[in-house]
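Chemist: Numbering (this note's numbering), first residue to last: 22 to 304.
Ideal placement from N, C-alpha and C gives every residue a C-beta, glycine not left out.
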Ligand SMILES: NC(=O)c1ccc[n+]([C@@H]2O[C@H](COP(=O)([O-])OP(=O)(O)OC[C@H]3O[C@@H](n4cnc5c(N)ncnc54)[C@H](OP(=O)(O)O)[C@@H]3O)[C@@H](O)[C@H]2O)c1
């Protein structure tokens, strides 16, 4: 029995779609905060169980019979270390043979502020004594392409990453890697996962311009100005600060990786930035 936490989210859905290619639906448990958001998974025969990262008893119920667990990091930034500890404690009580965890690229040396909670969680997983795999994911390509409407409207990609390179990959590619690790006989302890190719935000803007036929440039801003622009666009203050800090981290090389471990794990090249732009423009 393989449990996926956060399964109602975007990555969770992709992981379950990948797992269903080789694992019977009845052997997959979708642990979700709100089962109503996982009705599509239940319809496929996946076991949907209610589990809140804040509620250890719900995690114990969800993990009954589990042999492997994928902990998809919580989306509640700032609460994550404590929430993840609850999951680790429940995984230990369940005595699973593998606890996999979606972390961040080179968590231990990352310049991104977002890495702090991942470092704490990785240490807690190591301390638990459970067999583990860290899936250290770089940036999602969707972080760039999900927000194309204002880019097309204003003719500008905004950021604070200077010439920093992003080795971004799609959620579907990271999910395929997670499924490969969850079904492997002998998974590694640490995977640094990233797209095969890297790009600067100037190159990204040029690709959006090429495919859309519109004049689009990359406008690099100081961190505080980029944060203010995000807040102006409706992003909550704290999250805007983290996103601006992440761009500064990317300028320092924190999201670039040339190891190609992701494509090796999934057995095919990763989706390119140009393909992701094409898919986003077609929506
Ligand atoms: N590498 C990157 O570029 C990148 C970008 C964004 C996020 N991330 C990280 O990767 C994770 C997965 O990405 P995603 O796109 O799948 O995010 P997502 O769609 O927001 O999914 C996150 C899931 O976490 C669940 N969750 C939040 N708090 C919970 C709690 N207290 N108990 C149980 N479940 C809880 C949410 O449940 P509900 O459905 O009930 O809200 C949601 O289903 C994110 O949570 C975040 O940690 C990485």
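#1: Going by the beta-carbon positions, is the gap between residue 147 and residue 277 smaller than 7 Å?
#2: Within the same chain, show all residues whose beta-carbon is closer than 7 Å to that of residue 127, passing over the 5 residues directly before and after it, in chain order.
#3: Which runs of the alpha helix (DSSP H) spanning at least 4 residues fall entirely within the region 225-270, listed in chain order?
#4: Going by C-alpha distance, which of 60, 61, 69, 30 is nearest residue 48?
#5: Could you pull the DSSP bridge partners for residue 305 from this structure?
#6: Starting from residue 170 and walking both ways along the alpha helix (DSSP H), at which residues does that stretch end?
#7: Among 109, 189, 131, whose alpha-carbon lies nearest the alpha-carbon of residue 73?
#8: What is the C-beta distance between residue 51 and residue 25, in whole angstroms, given that I count them as a contact (C-beta under 8 Å)?
#9: Run through DSSP, which three-state label would residue 180 get?
#10: Please report how far the alpha carbon of residue 313 lies from the alpha carbon of residue 297, in whole angstroms.
#11: Could you tell me which whole alpha helix (DSSP H) segments of length 4 or greater appear in the region 22-71?
#12: Can you give me the C-alpha to C-alpha distance between residue 231 and residue 39, rounded to a whole angstrom?
#13: Quick check: the Cα distance between residue 223 and residue 238, rounded to an integer number of angstroms?
#14: Quick check: is any heavy atom of ligand 1 less than 6 Å from the C-beta of residue 40?
#15: Using beta-carbon positions only, say whether residue 192 and residue 80 come within less than 7 Å of one another.
#16: From 302, 168, 204, pick the residue whose C-alpha is nearest to that of residue 88; which is it?
#17: Compute the Euclidean distance between the alpha carbons of residue 270 and residue 182, then round it to the nearest angstrom.
#18: Taking its Cβ as the centre, do 16 or more other Cβ atoms sit within 10 Å of residue 221, making it buried, or is it exposed?
#19: Using alpha carbons as the reference points, say which of 236, 76, 219 lies closest to residue 281.
#20: I'd like to confirm the pairing. Which residues does DSSP put opposite residue 187 in its beta bridges?
#21: Give the secondary structure of residue 89 by DSSP, where H, G and I count as helix, E and B as strand, and everything else as coil.
#22: Could you tell me the alpha carbon to alpha carbon distance between residue 279 and residue 215, rounded to whole angstroms?
#23: Report whether the distance from the Cβ of residue 75 to the nearest heavy atom of ligand 1 is below 6 Å.
#24: Mark residue 61 as exposed unless 16 or more other C-beta atoms lie within 10 angstroms of its C-beta, in which case mark it buried.
#25: Can you determine whether any heavy atom of ligand 1 sits closer than 6 Å to the C-beta of residue 37, and answer yes or no?
#26: Does ligand 3 have a heavy atom nearer than 6 Å to the CB of residue 103?
#27: According to DSSP, is residue 153 part of a helix, a strand, or is it coil?
#28: Relative to the alpha-carbon of residue 122, which residue among 90, 100, 30, 177 has its alpha-carbon at the smallest distance?
Modeler: The relevant details are as follows:
#1: No; because the gap between Cβ atoms is not below 7 Å, this pair is not in contact.
#2: Counting only residues of its own chain and dropping the five nearest sequence neighbours on each side, residue 127 has a CB closer than 7 Å to the CB of 157, 213.
#3: Runs of the alpha helix (DSSP H) inside the region 225-270: 244-253.
#4: Looking at the Cα atoms, 69 is the closest of the given residues.
#5: The chain is shown only over 22 to 304; residue 305 falls outside these bounds and no answer can be derived.
#6: Its alpha helix (DSSP H) spans residues 169-175.
#7: Measuring from the Cα of residue 73, the nearest candidate turns out to be 109.
#8: Between residue 51 and residue 25 a beta carbon distance of about 6 Å is seen, short of the 8 Å cut, so the two are scored as contacting.
#9: The three-state reading of DSSP puts residue 180 in strand, counting E and B together.
#10: The shown model of the chain, from 22 to 304, leaves out residue 313, and the question about it has no answer.
#11: Fully enclosed alpha helix (DSSP H) runs of 4 or longer: 31-40, 60-64.
#12: If I take the Cα positions, the gap works out to 32 Å.
#13: One alpha carbon belongs to residue 223, the other to residue 238, and they sit about 7 Å apart.
#14: Not under cutoff, so the answer is no.
#15: With contacts defined as CB atoms closer than 7 Å, residue 192 and residue 80 fail to qualify as a contacting pair.
#16: Cα-wise, what sits closest to residue 88 is 204.
#17: So the alpha carbons of these two residues sit roughly 7 Å apart.
#18: With at least 16 other beta carbons inside 10 angstroms of its own, residue 221 counts as buried.
#19: Nearest C-alpha to residue 281: 219.
#20: When beta bridges are read from the DSSP output, residue 187 appears opposite 220.
#21: Residue 89: strand per DSSP, three-state reduction.
#22: Roughly 8 Å separates the two Cα atoms.
#23: A distance criterion of 6 Å places the beta-carbon of residue 75 in contact range of ligand 1, judged by its closest non-hydrogen atom.
#24: Residue 61 comes out exposed.
#25: Not under cutoff, so the answer is no.
#26: Ligand 3 is absent from the structure shown, which contains only ligand 1.
#27: Strand at residue 153.
#28: Cα-wise, what sits closest to residue 122 is 90.
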